[in-house]
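Per the numbering used here, residue 343 is the first one in the sequence shown, and the count goes up by one each step.
Backbone N, C-alpha and C fix where the C-beta goes; we use that ideal spot for every residue, glycine too.
On a predicted model such as this, the values are computed, not experimentally measured, just so you know.
Beneath this line is the structure, given in structure tokens, with notes to follow.
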Amino acid sequence: MRKLIYYVAVTVDGFIAAPDGGTGVFLAEGDHMAWIVEHYPETIPGHFRGPLGLADTPPRAFDTVILGRTTHQVAVDEGLASGYPHLRQYVVTHRPGDLPVEEGLTASDEDPVQLVRRLKAEDSPLDVWLCGGGDLAGQLAQEIDEYRLKVTPVVIGEGRPLISGSTGGLPLVARRRVGFDSGVSYVEYARS
Ligand SMILES: NC(=O)c1ccc[n+]([C@@H]2O[C@H](COP(=O)([O-])OP(=O)(O)OC[C@H]3O[C@@H](n4cnc5c(N)ncnc54)[C@H](OP(=O)(O)O)[C@@H]3O)[C@@H](O)[C@H]2O)c1
Numbered sequence: 343m344r345k346l347i348y349y350v351a352v353t354v355d356g357f358i359a360a361p362d363g364g365t366g367v368f369l370a371e372g373d374h375m376a377w378i379v380e381h382y383p384e385t386i387p388g389h390f391r392g393p394l395g396l397a398d399t400p401p402r403a404f405d406t407v408i409l410g411r412t413t414h415q416v417a418v419d420e421g422l423a424s425g426y427p428h429l430r431q432y433v434v435t436h437r438p439g440d441l442p443v444e445e446g447l448t449a450s451d452e453d454p455v456q457l458v459r460r461l462k463a464e465d466s467p468l469d470v471w472l473c474g475g476g477d478l479a480g481q482l483a484q485e486i487d488e489y490r491l492k493v494t495p496v497v498i499g500e501g502r503p504l505i506s507g508s509t510g511g512l513p514l515v516a517r518r519r520v521g522f523d524s525g526v527s528y529v530e531y532a533r534s
């Protein structure tokens with residue numbers, strides 16, 4: 343069975359965005375970016391893929407992404423139909439009819455746990471990317487097999503959490519750490 347992987351940028355104090363949803367605290371330049379592009383080219387938003395020479399680059403880790411509606415809205419507010427048109431996209435929302443029809447994008451009001459279990463059961467060599475945000479991730483806490491975090495050296499004190507709500511304390515084991523001169527650390531944790 344393939345995995346659900348929460349791959350996300352996070353502050354040292356565990357936030358994925360500022361209180362207003364802004365993500366400007368995350369470093370978009372530095373030596374970690376080349377590593378991200380090499381290892382996770384499919385996680386670069388669609389409108390950046392061409393300029394970065396990634397238009398024809400196949401995915402390395404994920405073929406499917408699941409996003410909460412608020413996370414999807416970030417791309418919509420930038421005038422895009424969606425953030426990741428090169429992947430199969432699932433947007434979780436209570437109002438799927440409000441989203442314009444886009445090829446490869448499914449707006450779903452299905453219980454996200456059931457949706458993820460179905461996606462995990464598919465036969466594919468690639469995993470499922472949980473893009474965020476914390477509201478959706480909190481509901482999927484029992485289904486997240488791995489956390490792959492791009493930890494940015496900043497503390498913001500308040501904001502949108504990595505995971506919303508109590509999980510009861512899920513034990514994890516550290517799998518991998520990569521440090522960059524930029525100060526960003528890439529860390530992987532798996533469910534123990
Ligand atoms: N740092 C990073 O790498 C990163 C990655 C992703 C996101 N983010 C940031 O995270 C923020 C968004 O996170 P968030 O936690 O506020 O929101 P979110 O999880 O992205 O989306 C929450 C929305 O998803 C829908 N939803 C959630 N659970 C549902 C369910 N069970 N059934 C139906 N619909 C459901 C609802 O939308 P409806 O109101 O449409 O029903 C809900 O308001 C943004 O600021 C984004 O920029 C950062």
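Checking the 7 Å criterion, the Cβ of Thr385 is out of range of every heavy atom belonging to ligand 1. Using a Cβ distance threshold of 8 Å, Cys473 and Leu369 do not count as a contacting pair. Rounded to whole angstroms, the Cβ separation of Leu468 and Ala403 is 6 Å, and the two are in contact under 8 Å.
Annotation: the continuous alpha helix (DSSP H) that includes Arg459 extends over Pro454 to Lys462.
Pairing Asp419 with Pro438 gives a Cβ-Cβ distance that is not under 8 Å. Taken atom to atom, the span from the alpha-carbon of Ser508 to that of Gly480 is near 8 Å. With respect to the C-alpha of His436, the residue from Asp453, Glu530, Ile378 and Pro427 having the closest C-alpha is Asp453.
Residue state for Thr448 is assigned as strand, using DSSP reduced to three classes. When DSSP states are grouped into helix, strand and coil, Pro401 belongs to the coil group.
When Ala532, Arg391, Gly425 and Thr494 are compared, the shortest CA-CA separation from Leu514 is found for Ala532.
Taking 4 residues as the minimum length, the stretch 506-534 contains no alpha helix (DSSP H) run wholly inside it.
Per DSSP, the continuous beta strand (DSSP E) segment holding Arg490 begins and ends at Glu488 to Thr494.
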